[in-house]
Every structure is written in C-alpha cells, then in structure tokens.
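Residue numbers for the sequence shown follow the working numbering, so the first one is -16 and each next one is one higher.
From the three backbone atoms N, C-alpha and C, an ideal C-beta is built for every residue, glycine too.
Source: prediction; values computed, not measured.
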Amino acid sequence: MILSLSPAPRHGVRRGIVTLLACAVLTAVPVPAGAAPVASATQSSITAVKKSSDFPDVDWIVCEINKERAVNGVPALTIVDRASTVANAHAADMFQMNKLTSVGSDGRTLRDRLNDASIYSRVIQEFMFYGYKNNGYFADMATDNTPANTFYKALMSQDIVAFGMGEDNMYTDVILLGYHRRLGQRDAVCEDSASLG
-16 MILSLSPAPR
-6 HGVRRGIVTL
4 LACAVLTAVP
14 VPAGAAPVAS
24 ATQSSITAVK
34 KSSDFPDVDW
44 IVCEINKERA
54 VNGVPALTIV
64 DRASTVANAH
74 AADMFQMNKL
84 TSVGSDGRTL
94 RDRLNDASIY
104 SRVIQEFMFY
114 GYKNNGYFAD
124 MATDNTPANT
134 FYKALMSQDI
144 VAFGMGEDNM
154 YTDVILLGYH
164 RRLGQRDAVC
174 EDSASLG
C-alpha cells in the first residue's frame, strides 16, 4: 500500500496517520490451512457458505424463512414443486425478455401459468428479483425485517402457506400461495446443525 503525505494545512499529517491506521485495521491476516474456525463464525454463516453453489436451494431457503416465521408465531411454509417449475419457466422467460415482469412473453399472467399447472389458490403473490446467485444472500434478504421489505411482510403473512421458486441466469421468480386442499405441497427438508460439521 502506498500512502502519500503531502504538506497540508493544520491536520494533514494527523489525517494521514488516521488513514494509515484505518488501512492497517482493515487489512486481513491470512489464516493457515487447517486452523480452527474463528469463534465468531455462526452456524448460519457456515451454512450460507456451503449453500452458495446450488442456487436456488428451495428447501434450504424455506427452512431459513421458517425459522423467522417461527419467531413471529406463524406456521411453517411448505413447498409446492409444481409452483417451482412454473417459477423456473417464468424466470427463463424473463431472461429471454431481459426484464422483470409478471406477464410472460406470450401475454399470460401468473394466474394463467398456475392454472396450466393445475395449481389453484385464492391467494397468490409473485415476487421477481435479479442478481441473486447465493442462497445465503437471498435468505438474508427474505428474512430482513425492515419497513421497505414487502417480500418479508408477505412471507410472514398467515395467509401464505406455500412457496415456489425458480431461477434462470440471475432472474428469480418466487410464487407465494395461500391454502388450497389440492396444492400438492410438501414440507421443506432441513439439515440439522450436527450434519454441517
């Protein structure tokens, strides 16, 4: 690192020293291979690293969302694999159109696409995203309880009982469904923390 200290009025040298100290604090120290993990690393951060290569891992993401739903006293979400298939096809369509839109290139709406897949629900919501390729980042965004996060609000709604998700070339489509007796839903398969090493 090169630090240039030129004569400056009054506090130039002090600013240079503060900058140098700030850079020293931000410099990473390499950890030797085989060293014990840092004590501050949480199990969820380790899991997020392990889950970054297979986006979207719908089961893992729903398990993370369900942890937040439990904190809020809301029953666990289930997964509708047919909804994930619909979402995946729409994500590919959005990639081809090069835009985020709920209307497909054929002019069909979400309700049309779900009807074609024999998925019926009175309550349906769709959220589209661009740029996610990491399960941990996506789950972190989904469970971020901030006033502007309408996705979080929808995920924590008691009216939403099932989830479907698809991705193609960084275009992500998420379908949230309300109860219907023929949704064909299944529970998310969650890893226990003991299996994460």
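> Which residues in the same chain as ALA122 place their Cβ atom closer than 6 Å to its Cβ, once the five residues preceding and following it in sequence are excluded?
Replying inline: Taking the sequence shown and counting its residues from 1, one reaches residue 122 at position 139. Cβ within range, chain order: ILE44, GLU47.
> Helix, strand or coil: which one does DSSP assign to GLY114?
Replying inline: In the sequence shown, the residue the question calls residue 114 occupies position 131. It is coil, neither helix nor strand.
>> Using only CA atoms, which one of VAL41, GLY90, ALA70 lies nearest to LEU60?
In response: As a working note, residue 60 is residue 77 in the sequence shown. Here the closest residue by C-alpha is VAL41.
>> Taking 8 Å as the cut-off, does the stretch 129 to 141 touch the stretch 72 to 82 (at least 3 CB pairs, one atom from each stretch)?
In response: no
> Can you give the Cα-Cα distance for GLN168 and GLU51, rounded to whole angstroms?
Replying inline: The residue labelled residue 168 in the question sits at position 185 within the sequence shown. The residue labelled residue 51 in the question sits at position 68 within the sequence shown. When rounded, the distance between both Cα atoms is 20 Å.
>> Using only CA atoms, which one of TYR162, VAL172, VAL69, VAL86 lies nearest to SER104?
In response: Working through the sequence shown from its first residue, we reach residue 104 at position 121. It is TYR162.
>> DSSP three-state label for ASN154, please.
In response: Indexing the sequence shown from 1 puts residue 154 at position 171. Checking the sequence, you will find Tyr at residue 154 rather than Asn. Reduced to three states, the DSSP call for TYR154 is strand.
>> Between MET139 and the ligand MN, is there a pair consisting of the residue's CB and a ligand heavy atom that are separated by less than 7 Å?
In response: You won't find the ligand MN in this model; it holds no ligand whatsoever.
> Is it the case that the Cβ atoms of ASN71 and ASP127 are separated by a distance below 8 Å?
Replying inline: Numbered from 1 along the sequence shown, position 88 holds the residue referred to as residue 71. Numbered from 1 along the sequence shown, position 144 holds the residue referred to as residue 127. No, these two residues do not count as a Cβ contact at 8 Å.
> Which one of PHE110, ALA125, ALA100 has the shortest CA to CA distance from ASN49?
Replying inline: As a first step, residue 49 is located in the sequence shown; it is residue number 66 there, counting from the start. Here the closest residue by C-alpha is ALA125.
> Got a sec, what are the start and stop residues for the alpha helix (DSSP H) ALA74 sits in?
Replying inline: Taking the sequence shown and counting its residues from 1, one reaches residue 74 at position 91. It spans 64 to 80 - the alpha helix (DSSP H) in which ALA74 sits, taken as one unbroken run.
>> Since LEU160 and VAL86 should fall inside the 8 Å C-beta cutoff, what is the C-beta to C-beta distance between them, to a whole number of angstroms?
In response: Numbered from its first residue, the sequence shown carries residue 160 at position 177. Numbered from its first residue, the sequence shown carries residue 86 at position 103. Their Cβ separation, rounded to whole angstroms, is 19 Å, which puts LEU160 and VAL86 out of contact at 8 Å.
> My guess is that GLY119 and SER67 are in contact by the Cβ rule of under 8 Å, so how many angstroms apart are they, rounded?
Replying inline: Position 136 of the sequence shown holds residue 119. Position 84 of the sequence shown holds residue 67. Not quite, the Cβ-Cβ distance comes to about 19 Å (not below 8 Å), so this is no contact.
>> When you compare the CB positions of HIS73 and ARG96, do they come within less than 8 Å of one another, or not?
In response: Counting from one through the sequence shown, the residue named residue 73 turns up at place 90. Counting from one through the sequence shown, the residue named residue 96 turns up at place 113. Against a cut-off of 8 Å, the Cβ pair of ARG96 and HIS73 comes out as a contact.
>> Going by DSSP, what residue range makes up the alpha helix (DSSP H) through ASP142?
In response: In the sequence shown, residue 142 corresponds to position 159, counting from 1. It is not in any alpha helix (DSSP H) - ASP142 carries neither H nor E in the DSSP assignment.
>> For ARG164 and GLN108, I'd like the C-alpha separation in whole angstroms.
In response: What you label residue 164 is simply residue 181 of the sequence shown in a count that begins at 1. What you label residue 108 is simply residue 125 of the sequence shown in a count that begins at 1. Taking the straight line from one Cα to the other gives about 18 Å.
>> With DSSP as the reference, identify every bridge partner of GLN108, one or two as the case may be.
In response: Sequence index remark: in the sequence shown, residue 108 carries index 125 (1-based). Answer is LEU159, bridged to GLN108.
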